[in-house]
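Student:
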Amino acid sequence: MRMNGRRIALFTSATVVVAASAAVLLGLGSGFERVSERPNGSRGPAAGYAAVSVAKETPKLSWVKPGTRKSVGAFQVRGRTVLLETAESTDGEECLLDTELGTGGTGATCSKDGLFAARKVVFSLNFDGGPDVFRSLDVLGVAAPGVASVALSRTDGSVVRVDLDRTRAFVIESSAADLEANVLPARLELFGPSGKRIESVAIPALR
138 MRMNGRRIAL FTSATVVVAA SAAVLLGLGS GFERVSERPN GSRGPAAGYA AVSVAKETPK
198 LSWVKPGTRK SVGAFQVRGR TVLLETAEST DGEECLLDTE LGTGGTGATC SKDGLFAARK
258 VVFSLNFDGG PDVFRSLDVL GVAAPGVASV ALSRTDGSVV RVDLDRTRAF VIESSAADLE
318 ANVLPARLEL FGPSGKRIES VAIPALR
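FYI, in this note's numbering the residues of the sequence shown are 138 to 344.
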């Protein structure tokens with residue numbers, strides 16, 4: 138595992154670890170690995186976010202197979218541009234990359250069995266602060282083909298639902314008021330085109 142100091146891996150059987158700024162990978166099942174890397178070797182519009190054009194070249198990653206990177210969504214998140222991509226690693230894994238443009242910080246979720254072998258969604262929590270006080274908290278990810286919308290259930294019983302476009306990428310942001318009131322993500326619900334629920338994925342408690 139390669140870490141850039143800003144992102145932390147969390148598998149479903151692990152203990153929550155919190156840093157000043159981190160990304161937590163959730164709901165993956167076995168066979169997934171979370172890695173982070175900076176360029177020197179040392180990560181569709183939805184939920185009110187406008188997709189943005191990517192003007193800067195994304196950082197080159199030595200472990201990514203050339204010619205396999207495909208953009209699935211770019212979002213403005215709190216003044217930062219976050220790009221989601223899929224790619225293949227040089228050792229045959231399928232990966233979801235999330236890169237903060239400008240800083241070049243990149244995280245990757247990889248599996249030899251394919252991104253959606255264990256779940257029909259791959260996602261992470263990106264946050265600042267915690268566990269007592271979160272200054273920001275965002276859920277970002279990509280759903281499998283056949284998923285038309287995702288709903289984020291929160292600890293106060295409220296639900297935020299997002300209709301997906303053809304990229305199936307999404308970002309859902311917690312407001313400052315939500316975080317002050319201790320309203321946190323609890324579960325992701327996945328729905329098909331008919332509105333039938335396909336899958337429910339629990340998010341481990343962060344507090």
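Positions of the beta carbon are idealized from the N, C-alpha and C atoms, including for glycine.
Identify the continuous alpha helix (DSSP H) that holds Asp315 and give its terminal residues.
Tutor: Segment Ala313 to Glu317, the alpha helix (DSSP H) holding Asp315.
Student: Measure the beta-carbon distance from Gly278 to Val258 and round it to whole angstroms, keeping in mind my assumption that it falls under 8 Å.
Tutor: Right, their Cβ atoms sit about 6 Å apart.
Student: Consult DSSP for Ile335 and reduce its assignment to one of helix, strand or coil.
Tutor: Strand, per DSSP.
Student: Is it buried or exposed, Glu310, if we count other Cβ atoms within 10 angstroms and call 16 or more buried?
Tutor: Counting Cβ neighbours within 10 Å, Glu310 comes out buried, since at least 16 surround it.
Student: How big is the Cα-Cα spacing for Arg298 and Asp315?
Tutor: Answer to the nearest angstrom: the Cα atoms are 16 Å apart.
Student: In chain order, what residues of the same chain have a beta carbon less than 7 Å from the beta carbon of Ser290, not counting five sequence neighbours either side?
Tutor: Val296, Ala323, Arg324 and Glu326.
Student: Should Arg215 be flagged as near chain C, meaning a C-beta pair shorter than 8 Å?
Tutor: You won't find chain C in this structure, because it holds only one protein chain.
Student: Hey, out of Gly241, Asp300, Asn319 and Thr218, whose CA is closest to Pro268's CA?
Tutor: Nearest C-alpha to Pro268: Asn319.
Student: Pop quiz: Glu237 and Cys247 are said to be a contact at Cβ under 8 Å. What is the actual Cβ separation, rounded to whole angstroms?
Tutor: No, Glu237 and Cys247 are not in contact; Cβ-Cβ is about 18 Å, not under 8 Å.
Student: Do Leu262 and Val284 have their C-beta atoms closer together than 8 Å?
Tutor: Cβ distance not < 8 Å, so Leu262 and Val284 don't count as in contact.
Student: Considering only heavy atoms of the ligand FAD, does any lie closer than 7 Å to the CB of Arg215?
Tutor: Ligands displayed in this structure: none; no statement on the ligand FAD is therefore possible.
Student: Among residues of its own chain, excluding the 5 on either side of Trp200, which ones have a beta-carbon nearer than 6 Å to its beta-carbon?
Tutor: So the qualifying residues of the chain are Ser226 and Thr227.
Student: Report the three-state DSSP secondary structure of Gly242 (helix, strand or coil).
Tutor: Correct three-state label for Gly242: strand.
Student: Could you tell me the distance, in whole angstroms, from the CA atom of Thr292 to the CA atom of Phe271?
Tutor: Each residue's Cα considered, the two are about 15 Å apart.
Student: My output table needs one value for Leu321: the three-state DSSP class, helix, strand or coil.
Tutor: Correct three-state label for Leu321: coil.
Student: Can you list, in chain order, the residues of its chain whose CB lies under 8 Å from that of Ile335, leaving out five sequence neighbours each side?
Tutor: Once the five neighbours on either side are set aside, the close Cβ partners of Ile335 are Lys257, Gly283, Val284, Leu327, Phe328 and Gly329.
Student: With a CB to CB cut of under 8 Å and the five nearest residues on each side skipped, what residues in its chain are close to Lys207?
Tutor: So the qualifying residues of the chain are Glu222, Thr223 and Ala224.
Student: Hey, quick one: how far does the beta strand (DSSP E) through Ser354 stretch, first residue to last?
Tutor: Only positions 138 to 344 of the chain appear in the structure, and residue 354 is not among them; the question remains open.
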